[in-house]
Amino acid sequence: MIHKHDVLIVGAGLAGLRAAVELAGKADVAVLSKVFPTRSHSGAAQGGIAAALGNEEEDHVEWHIFDTVKGSDYLGDQDAIEMMVSEAPEVIIELEHMGVPFSRTKEGKIAQRQFGGHTRPKVGADGKETRVAIQRACYAADRTGHVILHTLYEQCVKHNVHFYSEYYVVSLIVKDGVCRGLVAFDIQTGELHTFHAKAVMFGTGGYGRAWKITSNAYANTGDGVAIAYRAGIPLEDMEFVQFHPTGLWKLGILVTEGARGEGGYLKNKNGERFMKNYAPTVMELAPRDMVTRSITTEILEGRGIDGKDYVHLDLTHVGEATLKERLPEIIGFAKTYVGVDPVKAPIPIQPTAHYSMGGIPTSLFGEVYLDEKGTILTGFYAAGECACISVHGANRLGTNSLLDGVVHGRRTGKQIAKFLQTAEFSELPENADTADRARIDELFASTNFKESYHHIKDTLRDNMMAKAGVYRNEKDLKEMKQIIHELREKYKNVGLRDKSKNFNTELMEVLELGHLLEFSEVVVEGAIARQECRGAHWRTDFEKRDDTNWMKHTFAFRTEKGIELKYKPVTVTKYQPMERKY
Ligand SMILES: Cc1cc2nc3c(=O)[nH]c(=O)nc-3n(C[C@H](O)[C@H](O)[C@H](O)COP(=O)(O)OP(=O)(O)OC[C@H]3O[C@@H](n4cnc5c(N)ncnc54)[C@H](O)[C@@H]3O)c2cc1C
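Under this note's numbering, the sequence shown is numbered contiguously, ending at residue 1285.
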């Protein structure tokens, strides 16, 4: 079956839906999502969305820009950061007008709370300037992503955006340098569909599911990045994967940084607030890469609780009323999943794979680059977590990601609208779905069950955690590369036991596993090459950041001979790199 729309948006998270809202009424827009739209991972975002509104205390766009550049460990492109942060106040007010129910200050303004790495200058008694935490994260209790996602979905429905819910996209149709559509299957029926469009946008989210402990939803398998990579698009900075400091022990379920923003302490087995040894001025509100390394060091040096691989997040002093008002979900999660009431006892936490800084390289307008020189693939766009512009560089600041999704979703929507003023439908190649149909038929016809996809997936995730996690070194990374090679060989022999067409989740998981293996190799290759410590990429065999050789973005290309790496300089406008201290 062939469908035709002006624009196809893959992904119903904040990036995809914000773009759809922008295009609704101007073009025939359809959104495809493998999960029901409001179940996209954006809905799990708890803590907030950053904007220098200054509702609680003095704040300036310039301060937010500086924090984002410094937080990125100077790998973020400063023109992109300036653009995102400058548009932040406007997009928040726009969301408010669309109906997002933000929490409020006493005067009725949008309430804001502290978050890691967001600071303001303060002159101390000694006359020296330091930077202390600032209240910059706009929030709706600890359900910020949920309320924004639902509001955007309502706006889409109101403006007649067409939804293909529970459609799984398997490939892009690209010919002669023009993206012409995509191939997807309807999860409900298993039927393969071809979609013809003038423009395709990916808002397919992150790739955290390649690690054993992760805060990410089951859907975050990096399909979009892998599909783009297979279509000949390079991937940028894939080695940078953020581990959030506070995941529930063993489960990885997120405890928002907002918990520390509301005053939570991190404590080791001696009851010591150990962050004073790592980031004495901002303590628990240092950026995530630093807090995560501090926790991991405490654990590795035997100061985890009972000598185990977790520490405590203590909220008991914050007070029951505040916790119930501002962190109700966290109370629920802790009670349900680890049997702890945060009002009365500290929560056991450990770092959890959380956010993908790398992804599909794009311009400031969401156009996708085909190389490190800036050649654009006509008709293809990306925004949100699957894209790399790069505003987060080597380490994203909390609450800058929802912002990224909304700002770049909006910008990409506007750019597509402009493109459509002159764009025509390019012809679909004959049998655009042949390869995908053959692959799926082959899986259904399989009778060889020697290899279990569960086993391959678990082996990948266990090893990515151990060898390509918070701390890395050459030996581990090279072993990881070898492991992935072996797993890819095994993957070739994976078969489908479930032969039914309706809601065949096994088929989806097998395809997702192919994506996990594809991009994990790129993560590892980039990490082996990058011989320095920067943001979330921390090599124990190198001492520090190396701006002379490594202040550049990785571009990984899929070639017949394997992965080829090239590099692109970082855009620096105002802020020269400095040592990152907090
Ligand atoms: C637990 C948690 C809490 C967070 N809290 C915050 C926070 O407080 N503040 C903040 O700024 N950031 C936060 N983040 C990060 C932020 O939520 C995400 O980066 C952001 O929401 C990503 O939005 P997105 O639109 O790019 O993608 P997502 O919301 O992840 O949506 C991806 C979409 O792509 C679709 N899709 C993917 N692959 C396919 C395919 N093959 N076929 C069809 N559809 C497909 C999915 O169905 C989904 O609709 C949090 C993240 C997590 C995991």
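Glycine residues also receive a C-beta, built at the ideal position from the N, C-alpha and C atoms.
Beta-carbon gap between Tyr1058 and Thr1065 smaller than 8 Å: Using a Cβ distance threshold of 8 Å, Tyr1058 and Thr1065 do not count as a contacting pair.
Is the beta carbon of Gly964 sitting closer than 8 Å to the one on Gly750? Gly750 is positioned such that its CB atom lies closer than 8 Å to that of Gly964.
How many Å lie between Cys1091 and Pro1049 at the Cα? Counting only the Cα atoms, Pro1049 lies some 36 Å from Cys1091.
Should Met704 go down as buried or exposed, given a rule of 16 or more other Cβ atoms within 10 Å for buried? The residue is exposed, with fewer than 16 neighbouring Cβ atoms inside 10 Å.
Kindly list the residues whose CB is nearer than 6 Å to the CB of Gly955, restricted to its own chain and excluding five residues on each side of it in sequence; keep chain order. So the list reads Ile916, Thr917, Ser918, Thr1055, once near-sequence residues are dropped.
Tell me, to the nearest whole angstrom, how far the beta carbon of Gly1069 is from that of Thr1115; I am working on the premise that it is less than 8 Å. Taking a contact as a CB-CB distance under 8 Å, the pair Gly1069 and Thr1115 counts as one, their CB atoms being some 3 Å apart.
Going by DSSP in three states, Pro792 sits in which element: helix, strand or coil? It is helical.
Does ligand 1 have a heavy atom nearer than 7 Å to the CB of Asp926? Asp926: yes, Cβ under 7 Å from ligand 1.
Can you tell me whether Gln749 sits near ligand 1, meaning its C-beta is under 7 Å from at least one heavy atom of the ligand? Yes, since a heavy atom of ligand 1 falls inside the 7 Å radius drawn around the Cβ of Gln749.
Whose C-beta lies closer than 8 Å to the C-beta of Trp1241 among residues of the same chain, with five residues either side of it excluded? Residues of the same chain with a CB within less than 8 Å of the CB of Trp1241, apart from the 5 flanking positions on each side, are Asp992, Arg996, Val1173, Tyr1174, Arg1175 in chain order.
Give the secondary structure of Pro1051 by DSSP, where H, G and I count as helix, E and B as strand, and everything else as coil. In the structure shown, Pro1051 sits in a strand (DSSP, three-state: E or B).
Please list the segments of the alpha helix (DSSP H) lying wholly inside the segment 1174-1246, counting only runs of 4 or more residues, in order along the chain. Fully enclosed alpha helix (DSSP H) runs of 4 or longer: 1177-1194, 1208-1232.
Using the C-alpha atoms, what's the distance from Phe1083 back to Pro804? Straight through space, the alpha carbons of Phe1083 and Pro804 are spaced by roughly 33 Å.
Which ranges would you report for the alpha helix (DSSP H) in the segment 922-1010 if only whole runs of at least 4 residues count? DSSP runs (the alpha helix (DSSP H)) wholly in the segment 922-1010: 926-933, 961-964, 991-1003.
Is there contact between the segment 1016-1025 and the segment 965-972, where contact requires at least three CB pairs shorter than 8 Å? Here the segment 1016-1025 lies against the segment 965-972, with 3 or more beta-carbon pairs under 8 Å apart.
Looking only at its chain, what residues have a beta carbon closer than 6 Å to the beta carbon of Met1254, apart from the 5 residues adjacent to it on each side? Result list for Met1254: Val1273, in chain order.
Please tell me whether, using a cut-off of 7 Å, the distance from the CB of His1057 to the nearest non-hydrogen atom of ligand 1 is below it. Within the cutoff, so yes.
DSSP three-state assignment for Met904, whether helix, strand or coil: When DSSP states are grouped into helix, strand and coil, Met904 belongs to the strand group.
Where Gly773 falls: helix, strand or coil (DSSP): A small fix is needed here, since residue 773 is Lys in this sequence, not Gly. In the structure shown, the three-state DSSP call for Lys773 is helix.
Using beta-carbon positions only, say whether Gly908 and Gly1217 come within less than 8 Å of one another. In this structure, Gly1217 does not lie closer than 8 Å to Gly908 by Cβ.
What span of residues does the beta strand (DSSP E) with Gln838 cover, start to end? From DSSP, the beta strand (DSSP E) with Gln838 extends over 832-841.
Between which two residues does the alpha helix (DSSP H) carrying Leu855 extend? 847-861 is the span of the alpha helix (DSSP H), which, as asked, contains Leu855.
What is the rounded straight-line gap between the Cα of Gln1053 and the Cα of His1256? Whole-angstrom Cα-Cα distance: 29 Å.
To the nearest angstrom, how far is it from the Cα of Gly906 to the Cα of Val713? Taking the straight line from one Cα to the other gives about 6 Å.
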